[in-house]
Every structure is written in structure tokens, then in C-alpha cells.
Amino acid sequence: MAVIMLLHIAGKRSLAETTVSEAVLRISIGAVLIQPLALKNEWEAIYAGTLLIIGIVILAKIQIWIPKSRKFIIGVPSVLINDGKMKLEELKKARLTTDELQGSLRLKNIGNVEDVELAILKSNGRYRLPLSQTKYLQLKKIFKKFWIY
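Structure below.
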């Protein structure tokens, strides 16, 4: 019960939406809380978990109070594709290969890099992939055939 309460206090964002630092802290909470519980010493687990939760809250508050700290705590988004062209330097910084990026595009049903106006790797590891205007209009035309108005 204490574990559920502590995780509820930590925040409502799902693990997929968290940044690396938040995910590490949440996993640490689980590791810290499970050891004393196995030894039947609940108060140590609650104390350690509370300290980690306080760490999560402090990191979140620091990011709000000092916006420039986000760069160091979370990281900055990377522009991987601009105007249909891969930016190889940004791929290297993000430690991604062209195959991994193209695989991510295929998962979003995008066949060509040229169809993407801008690909941004956000700090939570997700991609933002707006289509180019011409590709968007082509898809809109195709979908209009199947939609009934």
C-alpha cells in the first residue's frame, strides 16, 4: 500500500512519457522498496522510497524554477531530419544509425525520408514526425476516397 501511495505522489505520467532521469528514479524506488519488504522491515522501505520521491519532486521543481536546468537534467530535442534530409551529425549525437531512424519511420507508415518535413527526437525518446505538405495532401486525397461524408 505504501508503494502505491509513494508512486502516486511521484506523479501521474506513465513510464513511456518520462525522461531518462525520471525512469531511473522510478526503477530505483522499486529496487529500494523491495529489499526491506523482503526482510519485513516496512519503515525502512517507506523512508527510502520517500527520499527518492522527494528527489523526483525536487528535480521537477528545479526544472520549473530554473528553465535552463532542463538542458542538463532532461536534455534537448534533436532535429534528425530537416526538409527531407537526414542530419548525420545529429544522428551521431543521438547515437542512432540511419537504419534505426528509417525503421522508426516505417513504424509510423512513412516509406521515404523525403516525405518527412522535420523529424525531432524528443527528450522522452519519442519522435515527432510531421509530413511534408505534398505528402500530406497525397494522403488526404487517398483517404477521401474511403471516407463517407
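Okay, so the sequence shown: first residue is 21 according to our numbering, each after it adds one. Idealized CB from N, CA, C, for every residue including glycine.
Opposing strand residues paired with residue i [DSSP bridges]
| i | result |
| --- | --- |
| N129 | DSSP output for N129 lists no bridge partner at all. |
| R148 | I140 |
| K107 | Bridge partners of K107: none, in fact. |
| V99 | I140 |
When the options are compared against residue i, the one with the closest alpha-carbon
| i | options | result |
| --- | --- | --- |
| D135 | N144, G145 and P150 | P150 |
| T117 | W85, I130, V52 and I101 | I101 |
| G131 | T70, I49, G104 and S98 | G104 |
| V172 | A65, S143, I93 and E110 | As shown, the chain starts at 21 and ends at 169. That puts residue 172 outside it, with no answer to give. |
Straight-line gap, residue i to residue j (C-alpha atoms, nearest Å)
| i | j | result |
| --- | --- | --- |
| K113 | I73 | 31 Å |
| A68 | A80 | 19 Å |
| Q122 | V133 | 7 Å |
| N61 | S124 | 45 Å |
| V96 | G145 | 11 Å |
| L187 | G75 | Outside the modelled stretch of the chain, which goes from 21 to 169, sits residue 187, for which no answer is possible. |
| I82 | L45 | 16 Å |
| K128 | L138 | 14 Å |
| Q204 | W63 | No information on residue 204 is available, as it lies outside the stretch 21 to 169 that the chain covers here. |
| E120 | G50 | 31 Å |
| R126 | Y147 | 12 Å |
| R178 | K107 | Any answer about residue 178 is impossible in this case: the structure gives the chain only from 21 up to 169. |
| I78 | P87 | 14 Å |
Neighbourhood of residue i by C-beta distance below 7 Å, restricted to the same chain and skipping five residues each side
| i | result |
| --- | --- |
| F92 | none |
| Y169 | Here Y169 scores only 48 on pLDDT, less than 50, and its place in the model is too uncertain to base an answer on. |
| S48 | L72 |
Distance cut-off 6 Å: residue i Cβ against heavy atoms of the ligand COA
| i | result |
| --- | --- |
| N144 | The ligand COA is not part of this structure, which contains no ligands at all. |
Cut-off 8 Å between Cβ atoms - residues of its own chain near residue i, not counting five sequence neighbours on either side
| i | result |
| --- | --- |
| V52 | A65, A68, G69 and L72 |
Close-in-space but distant-in-sequence residues of the same chain around residue i (CB under 6 Å, 5 per side omitted)
| i | result |
| --- | --- |
| R90 | Q83 |
| R33 | Here R33 scores only 49 on pLDDT, less than 50, and its place in the model should not be relied on; the value that follows carries that caveat. If we look at R33 and ignore the five residues flanking it on each side, it has no Cβ neighbours. |
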